[in-house]
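*Asks:* This is the structure I have questions about; it appears just below.
Number of protein chains: 2
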Amino acid sequence: MTLKLSPPDSFDRAKMNDLIKRRFFYDNSFAIYGGITGQYDFGPMGCDLVDNMLAEWHKHFVIQERMLKVNCSILTPETVLKASGHVDKFADYMVKDVKSGECFRLDHLIKQHFEKKMADKKTSQEEKEIIKRKINLLEGMTMEEMDGVVKEYDMKSPLTGNDLSDAVEFNLMFPICIGPTGTLKGFLRPETAQGIFVNFKRLLEYNQGKLPFACAQVGNAYRNEISPRSGLLRVREFTMAEIEHFCDPDDKSHNKFSQVAGVEVTLYSACAQMDGESAKRTTIGEAVRGLGLPSLGLLSTPMEVGALDFFLSDRSYILGHLPTQADVTVREALNQSPPPHFTHASRWYRHVESFGHNERLNFPGERRSLEQLTGGRQKGLVANETLGYFMARIQQYLLKIGVNPKKLRFRQHLSNEMAHYACDCWDAECLTSYGWIECVGCADRSAYDLTQHTKGSSVKMCVERLLKEPQMVDSVVAVTDKGAIGKAFKKDAKAVQEALASLSSEESEKMDKALSENGEYELNGYKLSRAMVPSFKKEQKKVHVEEVVPSVIEPSFGVGRVFYALLEHSFRVREDDDKRTFFSLPPVVAPIKVSVLPLSSKQDFVPFTDKLADALTELNLPVRVDDSTGSIGRRYARTDEIAIPFGVTVDFDTVNNTPHTVTLRERDSTEQVRMPIDEVPLTVKKLADGKILWKEVTDKWPKFVAQETTK
Amino acid sequence: MTLKLSPPDSFDRAKMNDLIKRRFFYDNSFAIYGGITGQYDFGPMGCDLVDNMLAEWHKHFVIQERMLKVNCSILTPETVLKASGHVDKFADYMVKDVKSGECFRLDHLIKQHFEKKMADKKTSQEEKEIIKRKINLLEGMTMEEMDGVVKEYDMKSPLTGNDLSDAVEFNLMFPICIGPTGTLKGFLRPETAQGIFVNFKRLLEYNQGKLPFACAQVGNAYRNEISPRSGLLRVREFTMAEIEHFCDPDDKSHNKFSQVAGVEVTLYSACAQMDGESAKRTTIGEAVRGLGLPSLGLLSTPMEVGALDFFLSDRSYILGHLPTQADVTVREALNQSPPPHFTHASRWYRHVESFGHNERLNFPGERRSLEQLTGGRQKGLVANETLGYFMARIQQYLLKIGVNPKKLRFRQHLSNEMAHYACDCWDAECLTSYGWIECVGCADRSAYDLTQHTKGSSVKMCVERLLKEPQMVDSVVAVTDKGAIGKAFKKDAKAVQEALASLSSEESEKMDKALSENGEYELNGYKLSRAMVPSFKKEQKKVHVEEVVPSVIEPSFGVGRVFYALLEHSFRVREDDDKRTFFSLPPVVAPIKVSVLPLSSKQDFVPFTDKLADALTELNLPVRVDDSTGSIGRRYARTDEIAIPFGVTVDFDTVNNTPHTVTLRERDSTEQVRMPIDEVPLTVKKLADGKILWKEVTDKWPKFVAQETTK
C-alpha cells in the first residue's frame, strides 16, 4: 500500500470527520472509557451503510454469479494456521522504546524519521538523494537491514527520544485458548479465506464434484496491529468479504468473460511502476488478450526478463525457456536462487550487476512475445480471463455503490510485495486524502492453499479431471488367498480384502518386500502373513481420470476501506454555504431512503405525517421523521448530512387543499416537485431501488421552489 | 433452560442430522483437522438460511419499528466488562478429573449422575424421591452446596472413573491481550448488548435527546463453554441479534400496543411452573392488563407474596406495601435479607418455615389486587406494555420464518434464574427433540446497565425529562471577580468563568471550604485564589427538567438456536418413501428459491435452461440449475432436500412446441402446473416474496401430473 499524502482537490478531511463523528457514522470504540486505538464502533448511519454495501455485494456476486456462501468459525486452532503459513510468516517487525515499552512498527518508524529529515532544511541535497533511495528500498529490506538503518541514523523513539530496542518479529495474530483446560491453542482468524479452504471437499461435493465454482464468505478478521493509525484504514478488528473461485489450473478461461471484455479499466502495471510511468486506460479484454500492450510481449531487456520472472514466479520455467543465445550470466544469476525479493527485475538487475557483467542480457536477433515464451500460458498484462473477469466485476460493484471512477485504479503487485505463491495480483485502489489505498485485492493464488492444507491435514484436496483419452498405467496388485484371510479375520475379512485392493503400487511393493523379509505386515491394524498374500502381480490399468489440485482466484474486499473511500468520494460541501456538508451516497446504499418533515407541529399535520411514514415503512423503506421545531431549511440540511436522498414535506397546502399534495425533494440537486401524497410511497420505492431516475419525477410533476428558505 | 428429553411425534433426529451433514447445512469446524467441539461452520444452505432469517429480522424489527442499528467491537477492554459485572459474575462451576485433567460443568455432571441413578433399577423408590428433590433444587444451589452433593454421592469422572477435584468457578469469557505490549487486557464480548449501552449517549443524541428509542445489533459473541454438547444449542462462538429499547422508567406503555393486544400467546408463568400447572393460552393484551388471569391479582398465600417479590425484585418496596396486618414473620424473613435464590416463593416458604412459624402469611380480610399493591406499576402477568409488545412481535417473527406455533411458548423466568436486576423476563421457547429450548429472551433489565456504566466510566447516562411543573431548588453559586480572573488567566479566563458557572452545589460548597482553609483551589487545572472567588451565595433556581436513567427492555435472539428449532420444525419425511426427507422452509427464508431442471442433456435444451436461469437471476432470485443425469424424480428429491420451494422443468414439450411451456412444481405438495416459460420468472418472484400463494398458481394454470415418476 502506498500512503502518499496527495489530497484530492479541496477535500477537507477535518470537516468530513466532524460530520462523521457528529452524526455517528462511526467513532472510537469504548470512548466513555477513554477509547481504544484501532477499534471503531459503527453507529446507525455507518452500520446501515455497511449493511447496504454488503447486501448489494451479495446480489452482485453471490446471486448473480450463483456462488456458494459459507460462514465459518473465527476461533481457529493453531494446526490450521500453521499449515496455512500464518503462524510462521504473518508478522511485522517491531522495535520498543527501552524505557516506556511503547512499540513501533519498524518500517513506519524509519519512514517517519526519513520524511522528517526530507522536510528539514538542514538536510543537504546529497543526503536527501540517499534517503530517497533508502525509502524506495524499504519495502524489500530484511529485518536486519532495517535494524541497520535504525542504528546508522541513530533513530530514537519519536515520542520520548529514548533509545530503541533491537528489532523483533511480532506475529499479528491474536492468540487464544479454546476450552477450559488451556491446552488447545488457537488464534482469531487473520482472514476469512482459510475457512473456505478447509471446507473445500464439502463444497466440491455440494457442487457435485465439478469445477469451476466459487464460494464467498463475509465476516470479521483480526490483526493485532503494532501501532494502528490512519483511522479506519488500519484497524485490529475488521470485516472482510472474500471470494475463492476454484478452477482448473490449466484452464483459467471464464465463460462470461465476453460480457465484460469491453469494460474500461485503469491499470497501473508492475512494469509501469518500475519504469516510473503512469497508469493506463484500456479495456479488460485487451489487458487479458495482450492486444493493447504489445511492448510487454517482447523479451530482451533486463526489465523484460524481470517482467517475465514476475509473471511466472517460476524461475526454473524461465531457465527452460530462455533463448539459447542468452548470456551465461542470466543463467548464472537465475541459478543463484536469489531470495524472493530479488525476483523483481530492478532488484535483480542490481543483483546481477554485482557479478560484474554489463552485457548480460543480450538476446541478439530474437524478440519473442510473452505468449510464445510461456507456451500460451500468458498473453497479456493480466494473467488470465478469470482474474480479468473478477477485476471488471469488482469495478462494476465499486461504481454501483458510489466510488468515483476517476479515483479508482488497479495496481499490479510488484513481485516483492506479492505472496510467493501468487501468480498475479491486482489491487483495486481508491484515491483518498491518505493517497491511493488498497480496497480490494484480486489475486491468482494458484494451488498454494489447497496444497498446504493437504500437507497439514493429510486429507487430499483435489478434483478428478477426465482425461482427453484414457491412459494405460502400470500397477502392482496383491494376489490374495481368500480362504486364509477369511479364516483369520472372519467378519473383518471383507475390510481386509478391500484394503488390499486399494493399495497403491508403492505400498504393494513395500508390502511384498516386508512379507519376504519378515513374513508379516500390518495393514490398517490387521496382521497379514505371506500365506494370505502369496504374491503380487504387475498389471496394466486403464485410467480415465487424473487428479489435479484446483487453482484459486481470490477477490478479497476490505469492507472498512471501501466504506471509508466511499465516504471521502461522496463528501460534498454546498456551494452557497460551506457549513452545509453532506454525503452524496447513491440511493441503493444510502442508510435511510426518505425523510418526512411536517412544516408545522400543529395537530392537524400529524395524521398526514403518520400515514405517509407508515406507508413508506410498509414498503420496507427506512424512513426518518423529523418533527423537530427547526426551520425546514435546517431540517433539510440535517437530513442531507446523513445522506437521505429524498425528503417529503407536509405543508399547509397538504392539510388545507384536496387532493392532498406534498413536496418531494432530491438531496444532491435540492430540486423539489409537488405531487399527490398517495403517489409518494411507490415513487420513492422506485427511486430507492434505482428503477427510475429523478429526472423522470421532475418531468412528470411540477417543480416547487418556495420552501427551502422560508421558515 | 429445561433440557428434558421429550421428543415430538415420530421425529428422527439421526435422519435429520444425516441430511444436514450430507447437504452441508452446517458441520463441525475444521473437520479435516479432526474438528473441534462447540464450533460449527455453516455451509451454503445454512449460511443462506441464517442470512435470510436475519434479513427478515431486519425488516420486521429495525425497519418496521424504525430502530437504530449499530455494529460494535467484539474485542472489549476489561474495564468495560468489569463495570457490566461480567468479570466477576459470568462464570460456571467446574470440576476436573484429577488424573486426565478433563473438565466437567458441575451442574451437568450432577444431573447426569442423578439421571443415571433414576434409571437404575437398583435405586429404591425412597432414594428416587430424594434425588428428584435434589434435581429440582440444583439450579439454585451454591457452589459449596453442589460440591457437597458430589461428595455425598461419591461422584467420579463419568469418562474415566477417576476422582474429581473440588469445584472452582470458571469465567466463561475468552481473555485476550490487545496491542503488542500485552498490557491492555480484554475479552471477546460475551453478548452484544454492552456495545449498545456504552454508546448510549451518542444514540440518545442521534435520536435528538428523546425517549423511547430502540437500538439493534447483530453480531458474534463468545463463551468458553466448559464442555459443549447438544450440537448448535451450546457453542463457543455464536451469533446474537439483540435489541435494547430505552424508555422512561415510569412509563413503559407502548404506542403500538393496541396493534398486538389481540395476539394469542402461550404463557408459562412462574407461578404455573411453581404450582406444577401447565402453560395457558391468552392474548398478550389480557396478559399485560391482567384481565385474563385474575387469580394472580391477589396476595394472601405464600405463593402470592413470592410472586409479588418476584415481579418487583425489590424487597424494601414490598415491606413498605405489606398489609399492616401481615404476620410479623413475613417482615422478619424479608429483613433477613435472604440471598437472591431465596426470593422465589417456594424456597422462601421453606426458609420462613425454618423460623418455626406456620401461620406466618395470614392477611385476614384483606385481599388486594397486584395492581393496588404495586401502586399501579404491575397489573397483569407480563410486567408492562413494552415487554408485552415485544413478546408479540417476537412471536410474529418466529411464525413468519416457519417456527411451528404449536411448539412455541413463552416461559417466565423464575426469580432464582433471573438476573438480580431484571424486573421480568420471558423466554420464547421452542419444543425440539432436546425438549423446550430457550431461543429468544425478552427481559425488562430496568436501569441496571446504564447505572453500572455510569459508575464505571464516570460518564452520566441519563435523559432529561420535562417536569409536569417547574420546581424551585436551592443552589450555591460562585460570586467571581472578573478582573482578577482575567488578569490571572488571560485567554483562558472565559473557560475558567464557565467552569465556575457550571459547578454543582456540592462542588461549590467544597470549593468555598477549601478557599477558606487553604486560600486556593484547583479547578480543571487552574489554580484559583480567594481574591478571584470572594464568596458564594445561595440562590433559588427554577428547574424545568429532571434527570432519569432510562429503563431497558431487551429482546435477545440466539440466532443459532432459532435456526436449529426451525430446522427441526420444518423437517419432513415423504409419506410414500421414508428415504425422501426434506425441509419445508417458507419461501421467504429458503436459501434457494427455485431450481431449473432440464429433462434431457441434449444440446437443444441448453438455450431454454440458460435463458430461464438468467432471467430468474436477473430478478435477484437465488437459482440452482441441476443438469445432472439423474432421473427427474431423483433430482426433485435433491432439490427438496435443500428446501428449494419451486422447481421448473424444461422438457421435450418445451423444446418442441410453441408457445414454449414448462412445468412449475411446489415442494411441499409436489403439485405441478404447466405454464408459458416467459411467465415463470415473475410468478416465482411473487411466490418467493410471499406476494401470491401457490393456490393462485394452480387456479390459473392447468395441472400437470406425468413427470415426477418418468425418466
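Line order of the protein sequences matches chains A and B.
Start counting the first sequence at 18; every next residue gets the next number (the working numbering).
Start counting the second sequence at 18; every next residue gets the next number (the working numbering).
The C-beta atom is built at its ideal place from N, Cα and C for all residues, glycine as well.
Owing to the predicted nature of the structure, the values given are computational and were not obtained by experimental measurement.
#1: Would you please state the rounded distance, in angstroms, between the beta carbons of P615 of chain B and D644 of chain B? I believe it to be under 8 Å.
#2: Assign A108 of chain A to one of three DSSP states: helix, strand, or coil.
#3: Between V722 of chain B and L681 of chain B, which are expected to be in contact by the criterion C-beta below 8 Å, what is the C-beta distance as a whole number of angstroms?
#4: Does any residue of chain B have a CB that is nearer than 8 Å to the CB of V476 of chain A?
#5: Using a Cβ-Cβ cut-off of 6 Å (strictly less than) and excluding sequence neighbours within five positions of P719 of chain B, which residues of its own chain qualify?
#6: Okay, do the stretch 127–140 of chain A and the stretch 79–90 of chain A touch, 3+ Cβ pairs below 8 Å being the bar?
#7: At 9 Å on the CB atoms, spell out the chain B contacts of V215 of chain A, in chain order.
#8: Is any beta-carbon of chain A found at less than 8 Å from that of D65 of chain B?
#9: Within 8 Å of any Cβ in chain B, is that where the Cβ of T468 of chain A sits?
#10: When you compare each of B:D593, B:F622, B:P662 to V672 of chain B by their alpha carbons, which one comes out closest?
#11: Would you check if there are 3 or more beta carbon pairs closer than 8 Å linking the stretch 229–241 of chain B to the stretch 204–220 of chain B?
#12: List the endpoints of the continuous beta strand (DSSP E) containing Y538 of chain B.
#13: Can you tell me the Cα-Cα spacing of G212 of chain B and I411 of chain B, whole angstroms?
#14: Taking all protein chains shown into account, decide if L390 of chain B is buried (16 or more other Cβ within 10 angstroms of its Cβ) or exposed.
#15: I'd like to know whether the C-beta atoms of E571 of chain A and A495 of chain A end up nearer to each other than 8 Å.
#16: Between which two residues does the beta strand (DSSP E) containing K297 of chain A stretch?
#17: Where does T403 of chain A fall in DSSP's three states?
#18: Hey, how far is the Cα of T468 of chain A from the Cα of N421 of chain B?
#19: Going by Cα to Cα distance, which pick from B:P603, B:S568, B:D594 is closest to N584 of chain B?
#20: Check the Cβ of F187 of chain A against every Cβ in chain B and list those closer than 7 Å, keeping chain order.
#21: Tell me which residue opens and which closes the beta strand (DSSP E) that W453 of chain A is part of.
#22: With C-beta atoms as the reference, is V679 of chain B less than 8 Å away from V642 of chain B?
#23: Give me the Cα-Cα distance between D124 of chain A and C120 of chain B, rounded to the nearest whole angstrom.
#24: For the stretch 614–645 of chain B, which residues have a CB atom closer than 7 Å to at least one CB atom of chain A, in sequence order?
#25: If you pair each beta-carbon of the stretch 517–529 of chain B with each one of the stretch 447–458 of chain B, do three or more pairs fall below 8 Å?
#26: Quick one: what does DSSP say A409 of chain B is sitting in, helix, strand or coil?
#27: Tell me the residue span of the alpha helix (DSSP H) that contains H125 of chain B.
#28: Using a Cβ-Cβ cut-off of less than 7 Å, list which residues of the stretch 90–123 of chain A approach chain B; keep chain order.
#29: Should V480 of chain B be flagged as near chain A, meaning a C-beta pair shorter than 8 Å?
#30: Got a sec: which bits of the stretch 399–415 of chain B sit with their beta carbon under 7 Å from any beta carbon on chain A, in order along the chain?
#31: Measuring straight from C-alpha to C-alpha, what distance separates L36 of chain B and G199 of chain A?
#32: Return the residues of the stretch 278–300 of chain A that lie within a Cβ-Cβ distance of less than 7 Å from chain B, sorted by chain order.
#33: For I661 of chain B, count the other beta carbons within 10 Å of its own beta carbon; 16 or more makes it buried, fewer makes it exposed. Which is it?
#34: Please identify the residue among B:V665, B:E303, B:G458 whose C-alpha is closest to the C-alpha of V640 of chain B.
#35: What does a CB cutoff of less than 8 Å around W711 of chain B pick up in its chain, not counting 5 residues either side in sequence?
#36: Kindly list, in the order they appear in chain B, the residues whose Cβ is closer than 9 Å to that of Q557 of chain A.
*Replies:* Answer, in terms of the structure:
#1: Between the beta-carbon of P615 of chain B and that of D644 of chain B there is about 5 Å, and that keeps the pair under the 8 Å contact cut.
#2: Here A108 of chain A sits in strand by DSSP.
#3: Not really, about 13 Å apart at Cβ, beyond 8 Å.
#4: Yes, V476 of chain A lies at the interface with chain B (some Cβ there is under 8 Å from its Cβ).
#5: Cβ neighbours of P719 of chain B within its own chain (closer than 6 Å, five residues either side excluded): R691.
#6: No: the two stretches stay apart, fewer than three of their Cβ pairs being nearer than 8 Å.
#7: Chain B residues near V215 of chain A: S46, F47, A48, I49, Y50, D58.
#8: Yes, contact with chain A.
#9: Residue contact with chain B for T468 of chain A: absent (no Cβ-Cβ distance below 8 Å to any residue of chain B).
#10: When only C-alpha atoms are compared, the closest one is B:F622.
#11: Counting Cβ pairs under 8 Å, three or more are found: they touch.
#12: Taken as a continuous stretch (DSSP letters only), the beta strand (DSSP E) holding Y538 of chain B covers 537–540.
#13: Answer to the nearest angstrom: the Cα atoms are 22 Å apart.
#14: The predicted model places L390 of chain B with a pLDDT of 44, which falls under 50 and marks its position as unreliable, so this point remains unresolved.
#15: Going by C-beta atoms, E571 of chain A is not nearer than 8 Å to A495 of chain A.
#16: Residues 297–300.
#17: Secondary structure at T403 of chain A: helix, using DSSP grouped into helix, strand and coil.
#18: So the alpha carbons of these two residues sit roughly 46 Å apart.
#19: Looking at the sequence provided, one finds Leu at residue 584 of chain B rather than Asn. The candidate whose alpha carbon is nearest that of L584 of chain B is B:P603.
#20: Going along chain B in sequence order, the residues near F187 of chain A (Cβ under 7 Å) are P197.
#21: Taken as a continuous stretch (DSSP letters only), the beta strand (DSSP E) holding W453 of chain A covers 452–463.
#22: Going by C-beta atoms, V679 of chain B is not nearer than 8 Å to V642 of chain B.
#23: Taking the Cα positions, D124 of chain A is about 45 Å away from C120 of chain B.
#24: Answer set for the stretch 614–645 of chain B: T634, N637, P639, V640, S645.
#25: With a cut-off of 8 Å, the stretch 447–458 of chain B and the stretch 517–529 of chain B do not count as touching, because too few Cβ pairs lie within range.
#26: Here A409 of chain B carries a helix assignment [DSSP, helix/strand/coil].
#27: Start and end: 123–136.
#28: Residues S90, I91, L92, P94, T96, V97, M111, G118, C120.
#29: Not a single CB atom of chain A sits nearer than 8 Å to the CB of V480 of chain B.
#30: Within the stretch 399–415 of chain B, not one residue has a Cβ closer than 7 Å to any Cβ of chain A.
#31: Using only the alpha carbons, I get a separation of about 34 Å.
#32: So nothing in the stretch comes that close.
#33: By the 10 Å Cβ count, I661 of chain B comes out buried.
#34: It is B:V665.
#35: Answer for W711 of chain B: E683, S686, E688, L704, listed in chain order.
#36: Chain B residues near Q557 of chain A: none, gap ~30 Å exceeds 9 Å.
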